[in-house]
Amino acid sequence: MGKMVWAHLAVPVKEVSLDVILPSGQAFRWKKHHDEWVSVLKDLVIVLRQDDNQISYRALASNNLPVPDSILEPVLSDYFNLSIKLSRLYREFGVRDSYFKKISPSYTGIRILRQDPWETLVTFICSSNNNIKRITQMIDNLCRTYGEYITTYNNIEYYTFPRPVSLCTSTCVQTLRDLGFGYRAAYIYKTALQVNEWESAGNSLSQLRGQPYEQVREFLLGFKGVGPKVADCVSLMAFDCHSCVPIDTHIWNIVQKRYATTAQLRASAKSKTMSKIMYDTLSQHLRKLWGHYAGWAQAVIFISELRKNE
DNA sequence: AGAATACCTCAGCA
DNA sequence: ATGCTGAGGTATT
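Okay, so the first sequence: first residue is 1 according to the working numbering, each after it adds one.
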């Protein structure tokens with residue numbers, strides 16, 4: 001083993017709280033081992049430690065060669081969206097929304113990660129009618145089976161996230177079912193075929209970044225297993241659509257409990273399933289309330305609700 | 001059009 | 001114990 005070389009990001013916990021955002025259902029591949037958070041970004045195993053004033057980081061590559069900080073720092077800065085100042089957003093949300101102002105002091109450092117589009121798409125297809133624990137297990141199985149081995153750290157093997165082409169095999173659906181994907185196995189396979197074809201034609205999913213939300217959303221809704229909620233999660237977490245507010249069961253619950261709702265919204269509460277119209281109405285309502293970075297406010301409210309149920 | 005139902009799996013609960 | 005419910009929904013009817 002080479003000498004451990006740590007580099008540092010001067011980021012206070014109030015801007016990024018790893019312990020809050022990494023295990024809370026935004027990304028599903030971070031593992032905590034003692035005081036270290038470990039995951040894979042691109043083809044590197046990333047190791048993070050955090051104290052009050054900084055995040056220390058280093059990376060392990062498959063060749064065991066050191067990864068220069070000049071490569072690593074931009075990767076992390078991008079992944080954690082560090083150009084966006086959280087303190088400023090919290091202040092603005094607090095002015096717009098008294099409930100946010102009330103609860104946010106207990107939930108600081110919650111920000112939206114900027115994740116890989118393909119990985120995010122697959123992950124959130126898996127998230128439908130599912131829970132964080134199981135989603136984490138499914139994604140872990142997927143990478144072990146179809147990803148490329150990178151290295152072992154703390155006795156845990158780390159793999160890349162498989163490229164679409166790796167899933168375009170005749171046995172994929174059955175394999176995924178055996179790995180616990182249930183009915184989502186077929187969705188993943190079909191999506192892999194589509195994305196592979198799209199990329200083979202010289203495109204990349206990343207080129208959707210910077211496109212208007214409506215176009216990103218329409219594109220995403222074209223995949224099997226992607227409905228309004230999943231499309232919004234991917235738009236927000238991979239395609240820079242910061243104002244987009246995914247409406248899940250937790251947000252729906254909290255809106256009914258905490259926010260004044262219109263007669264139309266209250267009436268819909270009786271319905272077993274949320275209609276597309278109702279979904280859009282609610283999402284836009286919250287977007288207007290919270291503003292251009294509404295999706296970031298949603299993340300705070302979502303985690304506060306998640307934590308309360310524990 | 002809009003609402004109900006089936007869908008994989010599994011932990012938590014009565 | 002066996003059966004039900006809900007988990008960051010979606011496709012189908």
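C-beta: ideal position from N, C-alpha, C; glycine also.
Query	Result
For Lys133, count neighbouring Cβ atoms within 10 angstroms of its own Cβ and tell me buried if that reaches 16, exposed if not.	exposed
From Asp78 to Arg114, what does the alpha carbon distance come to, in whole angstroms?	7 Å
Once you ignore the five residues that flank Cys126 on each side, which residues in its own chain have a CB closer than 6 Å to its CB?	Ile135, Met138 and Arg184
On the DSSP bridge list, what partners appear for Leu9?	Ile55
Which residue wins for smallest C-alpha separation from Ile301, given the options Asp178, Leu9 and Val20?	Val20
Which whole runs of the beta strand (DSSP E) in the segment 82 to 168 are 3 residues long or more, in chain order?	149 to 153 and 156 to 159
For the segment 140 to 160 against the segment 28 to 45, do three or more pairs of beta-carbon atoms, one drawn from each stretch, fall closer than 8 Å, so that the two count as touching?	yes
Use the C-beta contact count for Lys229: other C-beta atoms within 10 angstroms, 16 or more gives buried, fewer gives exposed.	buried
What separation, rounded to the nearest whole angstrom, lies between the Cα atoms of Glu15 and Thr171?	44 Å
Report the rounded CA-to-CA distance for Pro105 versus Trp296, giving the unit in angstroms.	15 Å
Roughly how many whole angstroms lie between the Cα atoms of Lys288 and Tyr279?	14 Å
Spatial neighbours of Phe239 within its chain, please: C-beta separation below 6 Å, excluding the five flanking residues on both sides.	Leu208, Arg209 and Val216
Could you have a look at Leu179 and say whether DSSP puts it in helix, strand or coil?	coil
Just verifying my parser: in three-state terms, what is the DSSP assignment at Lys32?	strand
Between which two residues does the alpha helix (DSSP H) holding Val16 run?	That residue, Val16, is in no alpha helix (DSSP H); it is neither H nor E in DSSP.
Measuring alpha carbon to alpha carbon, tell me which residue in Ala192, Glu36, Leu72 and Glu73 is nearest Pro164.	Ala192
What is the rounded straight-line gap between the Cα of Asn63 and the Cα of Tyr159?	13 Å
Could you tell me which residues DSSP pairs with Val40 in its beta bridges?	Val45
Measure the C-alpha to C-alpha separation of Ile254 and Glu218 and round it to an integer number of angstroms.	27 Å
Note down, in chain order, each residue of its chain lying with its Cβ closer than 7 Å to the Cβ of Arg96, except the 5 sequence neighbours on either side.	Leu289, Trp290 and Gly291
Skipping 5 residues on each side, what residues in its chain have a beta carbon closer than 6 Å to that of Glu36?	Val47 and Arg49
Select from Asp116, Lys308, Tyr293 and Lys224 the residue whose C-alpha is nearest the C-alpha of Lys85.	Tyr293
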